[in-house]
Amino acid sequence: MSQHHESTSMRDLLCASLDESHVGRVLSVCGWVAKRREHGEHLAFLDIRDRTGLVQAVVDGSVDVRSEYVVRVTGTVTRRPEGTLNDRLATGRIELTDCTVEVLSAAEPPPFQLDDRVDIDEQVRLRYRFLDLRREQMQRNLRLRAVVNGALRRAMDAQGFCEVETPLLWAPTPEGAREFVVPSRLHPGEFYVLPQSPQIAKQLLMVGGFDRYYQIARCLRDEDLRADRQFEFTQLDLEASFVTQDDVLGFVSRAVLDAAEAVTGVRPGTIPSMTWAEALDRYGTDKPDLRFGMALEDLSEVFVRTEVKAFSATTVKAMRVPGGASFSRSRLDQLTDHAKELGAKGLAWFRITPEGLDSPLARFLNEAESAAIRAVDGAEVGDIVLCVADEHSEACKVLGALRVTLGSPPVSEGPHHYVWITDFPMFEGVDEDGNLQAAHHPFTMPHPDDLDLIETHPLKVRSQAYDLVLNGWELGSGSVRIHRADIQSRVFKALGISDEEAESRFGFLLGAFKYGAPPHAGFAVGLDRLAAIFAGEENIREVIAYPKTQSGADLMTGAPKSISERQARDLRLKTAPKG
RNA sequence: GGACCUGUGGUGCAGCUCGGAGUGCACGCCGCCCUGUCAAGGCGGAGGUCGCGGGUUCAAAUCCCGUCAGGUCCGCCA
1 MSQHHESTSM
11 RDLLCASLDE
21 SHVGRVLSVC
31 GWVAKRREHG
41 EHLAFLDIRD
51 RTGLVQAVVD
61 GSVDVRSEYV
71 VRVTGTVTRR
81 PEGTLNDRLA
91 TGRIELTDCT
101 VEVLSAAEPP
111 PFQLDDRVDI
121 DEQVRLRYRF
131 LDLRREQMQR
141 NLRLRAVVNG
151 ALRRAMDAQG
161 FCEVETPLLW
171 APTPEGAREF
181 VVPSRLHPGE
191 FYVLPQSPQI
201 AKQLLMVGGF
211 DRYYQIARCL
221 RDEDLRADRQ
231 FEFTQLDLEA
241 SFVTQDDVLG
251 FVSRAVLDAA
261 EAVTGVRPGT
271 IPSMTWAEAL
281 DRYGTDKPDL
291 RFGMALEDLS
301 EVFVRTEVKA
311 FSATTVKAMR
321 VPGGASFSRS
331 RLDQLTDHAK
341 ELGAKGLAWF
351 RITPEGLDSP
361 LARFLNEAES
371 AAIRAVDGAE
381 VGDIVLCVAD
391 EHSEACKVLG
401 ALRVTLGSPP
411 VSEGPHHYVW
421 ITDFPMFEGV
431 DEDGNLQAAH
441 HPFTMPHPDD
451 LDLIETHPLK
461 VRSQAYDLVL
471 NGWELGSGSV
481 RIHRADIQSR
491 VFKALGISDE
501 EAESRFGFLL
511 GAFKYGAPPH
521 AGFAVGLDRL
531 AAIFAGEENI
541 REVIAYPKTQ
551 SGADLMTGAP
561 KSISERQARD
571 LRLKTAPKG
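Note that this note's numbering has the first sequence beginning at 1, numbered continuously upward.
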């Protein structure tokens with residue numbers, strides 16, 4: 001950013017850009033009074049803050065400005081006297097003297113201190129978010145997010161993608177995430193919904209001949225909130241025609257790696273791939289955090305004819321926890337409870353001690369079993385080995401969750417380990433009606449090698465769906481879409497969706513496909529999560545200007561609120577009494 | 001729908017186990033003093049429905065029940 005662009009009719013420079021090269025010049029800065037230090041009748045120091053930082057102004061004690069007053073200070077840039085330099089301040093070698101201070105806006109004392117001397121309760125921060133945004137952390141995070149945004153846009157433009165906006169007012173498609181509903185005034189009793197993603201809109205763009213589309217799109221889902229989930233979130237949404245899965249992975253890699261480079265200055269290496277089956281088997285999750293080891297080992301073979309009742313299951317999974325031998329009994333009980341909450345029947349543990357395995361189960365193990373436990377992941381004395389025996393995916397998931405609990409470093413730590421997860425299953429589980437459920441969405445193309453299994457072994461069908469994972473966070477997902485009516489109808493049939501039902505839910509999409517649908521595939525990258533990880537934040541609220549609380553409230557505006565009778569009447573809305 | 005944690009002057013905490021006067025610390029705020037501070041310093045001061053409601057008790061910030069708000073997680077998020 002050049003000086004020229006920073007100067008305005010009111011200011012010459014930003015606070016932190018003042019330096020010794022300006023000495024002797026009379027310049028104006030604008031900003032907030034961050035701090036006033038008084039030294040008697042004729043001397044006071046003001047720290048003037050703008051988005052770039054602080055600069056000190058030396059003023060007469062009679063200048064009546066207080067914390068967070070908005071001021072324009074015009075003064076002479078002066079080298080600080082010998083012995084009064086401040087190394088901890090970027091502008092600590094100079095100061096503004098002979099100042100004229102114009103109060104542009106007086107201010108009441110803020111409800112919390114804007115310096116970072118203490119952590120402020122998030123409830124208070126959110127109630128006064130406009131003040132919180134003045135803090136360095138929020139300035140840094142939102143600007144980092146803007147850098148990510150810009151890099152992604154440039155990468156998509158460079159790859160020939162065309163940015164197209166899609167509607168926020170969309171038609172209900174009852175499937176998947178719960179939708180936010182918007183009543184129609186002109187069509188009383190009828191409703192729009194806010195899109196949970198531009199999925200169908202972008203597929204129609206493919207039919208429309210926009211063979212490379214992208215959008216920084218807002219998505220809305222009326223589901224419970226979490227540290228990594230808000231009602232509304234932002235995605236880099238993209239779709240392309242005449243492409244394969246590998247083409248899409250290439251587009252997304254380019255964009256995400258460009259963004260990483262823009263933020264960190266270092267371009268990460270090529271993103272490796274792992275199949276969904278391998279991720280589950282080794283890490284017990286479809287979003288493995290590869291910053292640390294503690295990979296799961298399969299001991300099912302060893303225990304296939306075991307005498308130990310706790311281990312008589314189709315799968316026995318084991319994980320070494322380095323240093324875990326020091327876990328107290330109550331800590332282990334706690335972990336066992338945790339495992340049970342996750343659905344495990346129990347948790348077996350084996351401390352590796354110089355005398356051998358220390359465990360309530362140790363004396364029931366035969367020699368081979370003991371040796372196998374002892375050898376898990378190169379276990380050493382001082383470690384503990386945790387085991388879960390169950391049906392395969394259950395055992396993996398439970399131990400995988402414990403792996404994260406015990407091993408996962410803070411978000412701000414460690415290198416960035418990206419990984420593509422591929423070959424997701426096409427279907428998973430069944431709903432209340434006994435119908436198979438789509439693992440991704442019903443337009444996902446099955447793996448070409450597995451097409452024949454749709455009718456015979458549907459749970460074995462892999463799909464051409466893929467996720468991008470970074471340090472244990474699901475950054476995004478995508479798939480090759482079905483563009484052929486015959487395959488689509490077989491998938492709908494497997495999902496228990498009748499022709500009539502398909503017609504009523506997705507009729508306009510299926511109809512459009514009759515007029516020449518190109519093969520296409522796409523992806524969506526979660527921007528909030530990407531920005532949070534780059535910012536080293538555990539919570540996406542820290543990279544969102546005005547986030548909601550876990551109960552979906554906006555503490556600043558008070559939303560959600562009741563509407564006026566007039567508004568309700570216009571919309572023909574009547575609210576039922578509670579309960 | 002469920003589990004756990006938190007709620008005490010404007011802010012951040014301690015006090016809660018083992019009930020005994022709104023007790024303490026730090027920051028901020030207000031006033032006075034102070035001409036080189038930058039976490040300025042000194043002196044003085046104001047500021048409280050201990051989230052809310054109920055119960056137990058001679059007595060509740062403290063124990064019990066309920067409730068509200070915030071957080072983390074499970075369910076949920078095709």
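Glycine included, every Cβ here is placed at the ideal spot set by N, Cα and C. Owing to the predicted nature of the structure, the values given are computational and were not obtained by experimental measurement.
Residue from the options with nearest C-alpha to residue i
| i | options | result |
| --- | --- | --- |
| S28 | L85, R79, C99, T52 | C99 |
| E232 | L571, T314, A553 | A553 |
| V480 | S463, H42, A107 | S463 |
| A395 | E179, L451, V316 | V316 |
| M44 | E341, K35, P111, D60 | According to the sequence displayed, residue 44 carries Ala and not Met. Of E341, K35, P111, D60, the residue nearest in Cα terms is D60. |
| A439 | A494, R25, T84, R36 | A494 |
| S184 | P110, V193, V77, L406 | V193 |
| W420 | A465, F443, L459, D433 | A465 |
| R51 | T557, R88, E500, L133 | L133 |
| K35 | T84, S253, I563, A107 | A107 |
| M445 | E432, V430, G478 | G478 |
Backbone CA spacing between residue i and residue j [nearest angstrom]
| i | j | result |
| --- | --- | --- |
| Q3 | R331 | With a pLDDT of 47 at Q3, under the threshold of 50, the predicted position of this residue should be treated as unreliable, though the coordinate-derived value follows. Taking the straight line joining both Cα atoms gives about 58 angstroms. |
| R505 | P172 | 8 angstroms |
| M1 | S17 | At M1 the pLDDT is 42, less than 50, meaning the model places this residue with poor confidence and gives no usable figure here. |
| V381 | E542 | 41 angstroms |
| G265 | V256 | 13 angstroms |
| Q139 | E163 | 27 angstroms |
| R229 | N471 | 16 angstroms |
| P360 | F350 | 8 angstroms |
| V581 | R267 | Nothing about residue 581 can be reported from this structure: the residues present for the chain run from 1 to 579 only. |
| G31 | D115 | 15 angstroms |
| E41 | V58 | 13 angstroms |
| Q159 | A217 | 18 angstroms |
| A407 | E369 | For the record, residue 407 in the displayed sequence is Gly; it is not Ala. Using only the alpha carbons, I get a separation of about 25 angstroms. |
| P111 | Q137 | 18 angstroms |
| E223 | G176 | 10 angstroms |
| I48 | E68 | 9 angstroms |
| N435 | S498 | 11 angstroms |
| D157 | R143 | 21 angstroms |
| K460 | Q437 | 13 angstroms |
| A372 | D333 | 24 angstroms |
Own chain partners of residue i with C-beta closer than 6 angstroms, once the 5 adjacent residues on each side are dropped
| i | result |
| --- | --- |
| D12 | L27, S28 |
| Y418 | I271, L470 |
| Q488 | I482 |
Anticipated Cβ contact below 8 angstroms, residue i with residue j, distance rounded
| i | j | result |
| --- | --- | --- |
| K287 | E474 | 5 angstroms |
| G526 | Q235 | 6 angstroms |
| V124 | A262 | Wrong, their Cβ atoms sit about 33 angstroms apart, outside the cutoff. |
| L296 | L399 | 5 angstroms |
| A304 | I352 | The sequence as given places Val at residue 304; Ala does not occur at that position. About 23 angstroms; that fails the 8 angstroms criterion. |
| V77 | I94 | 6 angstroms |
| R178 | R135 | With a Cβ gap of about 34 angstroms, R178 and R135 do not count as contacting. |
| G189 | R572 | 6 angstroms |
Residue i and residue j closer than 8 angstroms at C-beta
| i | j | result |
| --- | --- | --- |
| V243 | A521 | yes |
| D423 | H447 | yes |
| A531 | R145 | yes |
| V70 | V101 | no |
| T8 | L54 | no |
| C387 | A325 | no |
| R403 | G269 | no |
| Y546 | R127 | no |
| A155 | D258 | yes |
| R291 | D377 | no |
| R79 | V23 | yes |
| L342 | A401 | yes |
| P425 | F492 | no |
| L96 | G75 | yes |
Close beta carbons around residue i, own chain, < 8 angstroms, minus the five adjacent residues each side
| i | result |
| --- | --- |
| E503 | L510 |
| E391 | A313, T314, T315 |
Sequence-distant residues of the same chain with beta carbon closer than 7 angstroms to residue i, five excluded per side
| i | result |
| --- | --- |
| F210 | C162, V164 |
| T575 | none |
| K548 | L225, Q230, F231, D554 |
| D20 | Checking the displayed sequence, the identity of residue 20 turns out to be Glu instead of Asp. So the list reads R79, R93, I94, once near-sequence residues are dropped. |
| R529 | D228, W473, L475, I540 |
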